[in-house]
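Numbering (the numbering used here), first residue to last: 243 to 493.
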């Protein structure tokens with residue numbers, strides 16, 4: 243039986259491989275920066291994706307504020323997580339069409355040398371991240387309310403579509419989950435619950451990462467939520483696609 247102690251849920255301010263996932267639906271960091279280039283070198287900008295294309299310009303080793311136009315190959319995040327390790331290894335190197343903040347330089351660069359711009363000018367909050375956090379927060383609040391009031395909680399298949407992707411809802415419908423998806427254990431006595439954006443990287447392209455920390459029977463635990471915009475909905479909205487616990491992932 244799951245028992246959730248009433249506790250404040252605070253809204254506070256996992257990094258996946260730097261360029262593993264494709265841009266989707268136009269959602270991602272506001273800007274990018276060059277990374278991994280020696281201070282006495284620069285990042286080559288080419289006419290096309292690949293070293294067989296000529297160099298037309300360069301980005302400084304510490305360039306920030308770069309805008310991403312598109313990348314190849316295109317691998318949607320949901321598909322990427324279904325690929326085997328061999329299939330991932332067989333993916334061709336990723337290249338992105340980038341433009342400098344002043345629009346003076348534009349061309350293709352190796353995605354290996356790009357990462358989300360974390361310079362101070364880009365440190366402002368993002369409303370999409372806040373939306374993702376709010377959804378996870380609501381799931382826990384509804385779970386606590388449903389448990390204490392013996393009513394339907396957010397994991398019930400009849401209402402789960404408001405929070406989760408279809409494949410997650412189907413897994414909930416099948417039952418026999420083994421452990422509670424929100425707490426990662428069969429039995430739970432939860433206190434000190436907090437929900438907040440992933441400290442390292444809360445948004446990477448189309449993926450949002452939200453952390454939930456809590457104590458279960460006094461033991462500290464963390465659940466990592468992966469969310470994306472669900473474009474299968476008539477009005478696309480952020481939904482939970484996966485929940486990660488230490489040694490266990492749902493679904």
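Note that the Cβ used here is the ideal one computed from N, Cα and C, for glycine as well.
Please read all numbers here as calculations on a predicted model, not as lab measurements.
Point to revise | Outcome for residue 416 when other beta-carbon atoms lying within 10 angstroms are tallied against a minimum of 16 | key: On the chain shown, residue 416 is found 174 positions in, with the first residue counted as 1. Per the 10 Å Cβ criterion, exposed.
**Study point:** Per-residue DSSP class, three states only, for residue 378
**Key:** In the chain shown, residue 378 corresponds to position 136, counting from 1. DSSP places residue 378 in the helix class (H, G or I) of the three-state scheme.
Check your understanding: When DSSP labels each residue in this structure, what does residue 257 get in the three-state scheme?
Key -> The residue labelled residue 257 in the question sits at position 15 within the chain shown. Caution is warranted here: a pLDDT of 32 is assigned to residue 257, below 50, making its placement in the model unreliable, and the coordinate value is therefore given only provisionally. In the three-state scheme derived from DSSP, where H, G and I count as helix and E and B as strand, residue 257 is classed as coil.
**Study point:** Limits of the unbroken alpha helix (DSSP H) element including residue 478
**Key:** As a working mapping, residue 478 is identified with position 236 in the chain shown. Neither: residue 478 is in no alpha helix (DSSP H) and is coded neither H nor E.
Point to revise | Collapsed DSSP secondary structure at residue 387 in the structure displayed | key: Residue 387 sits at position 145 when you count from the first residue of the chain shown. Reduced to three states, the DSSP call for residue 387 is helix.
Point to revise | Cβ shell of residue 486 (< 6 Å), same chain only, five flanking positions each side left out | key: The residue labelled residue 486 in the question sits at position 244 within the chain shown. Correct list, in chain order: 466.
Review point. How is the beta strand (DSSP E) around residue 297 delimited, first residue to last?
Key: Numbered from its first residue, the chain shown carries residue 297 at position 55. Residue 297 -> beta strand (DSSP E) spans 297-302.
Check your understanding: Using 8 Å as the Cβ pair cut-off and three pairs as the minimum, do the segment 342-352 and the segment 424-438 touch?
Key -> The way I'd put it, the segment 342-352 doesn't touch the segment 424-438; fewer than three beta-carbon pairs between them come closer than 8 Å.
Point to revise | Three-pair Cβ contact test at 8 Å for the segment 436-452 versus the segment 370-389 | key: Contact annotation: the segment 436-452 touches the segment 370-389, with at least three C-beta pairs closer than 8 Å.
Point to revise | Residues near residue 355 by beta carbon distance below 7 Å, same chain, minus five either side | key: Within the chain shown, numbered from 1, the residue matching residue 355 stands at position 113. Here the set comprises 276, 277, 278, 279 and 285.
Review point. Between residue 476 and residue 406, what straight-line distance do the alpha-carbon atoms span, to the nearest angstrom?
Key: As a working mapping, residue 476 is identified with position 234 in the chain shown. As a working mapping, residue 406 is identified with position 164 in the chain shown. Cα to Cα, the separation comes out at about 15 Å.
Check your understanding: By Cβ distance below 7 Å, which residues in the same chain neighbour residue 358 in space, the five residues on each side in sequence not counted?
Key -> Taking the first residue of the chain shown as position 1, residue 358 is located at position 116. In chain order, 271, 274, 443 and 446 place their CB closer than 7 Å to the CB of residue 358, counting only its own chain and leaving out the 5 sequence neighbours on each side.
Review point. Who are the near neighbours of residue 308 in its chain, counting only those whose CB is closer than 8 Å to its CB and skipping five residues on each side?
Key: Within the chain shown, numbered from 1, the residue matching residue 308 stands at position 66. Answer for residue 308: 273, 274, 275, 276, 301, 340, 341, 342, 343, 356 and 359, listed in chain order.
Check your understanding: Since residue 446 sits in a beta bridge, which residues does DSSP pair it with?
Key -> Working through the chain shown from its first residue, we reach residue 446 at position 204. According to DSSP, which records beta bridges pairwise, residue 446 is partnered with 449.
Point to revise | Of the residues 479, 468 and 458, the one placed nearest residue 452, counting alpha carbons only | key: Indexing the chain shown from 1 puts residue 452 at position 210. Sorting 479, 468 and 458 by C-alpha distance to the C-alpha of residue 452 places 468 at the top.
Check your understanding: Cβ atoms of residue 382 and residue 419: under 9 Å apart, would you say?
Key -> Here residue 419 refers to the residue found at position 177 of the chain shown. Here residue 382 refers to the residue found at position 140 of the chain shown. No. Outside cutoff.
Check your understanding: Which partner residues does residue 406 have in the DSSP bridge list?
Key -> Residue numbering aside, residue 406 sits at position 164 when the chain shown is read from its first letter. Answer is 482.
**Study point:** Cutoff 8 Å; reference residue 397; Cβ partners in own chain excluding five residues on either side
**Key:** As a working mapping, residue 397 is identified with position 155 in the chain shown. Excluding sequence neighbours, residue 397 sits near 385, 414, 423 and 424.
Check your understanding: Going by the CB atoms, is the gap between residue 478 and residue 484 shorter than 9 Å?
Key -> Residue mapping note: residue 484 aligns to position 242 of the chain shown, counting from 1. Residue mapping note: residue 478 aligns to position 236 of the chain shown, counting from 1. Contact: no.
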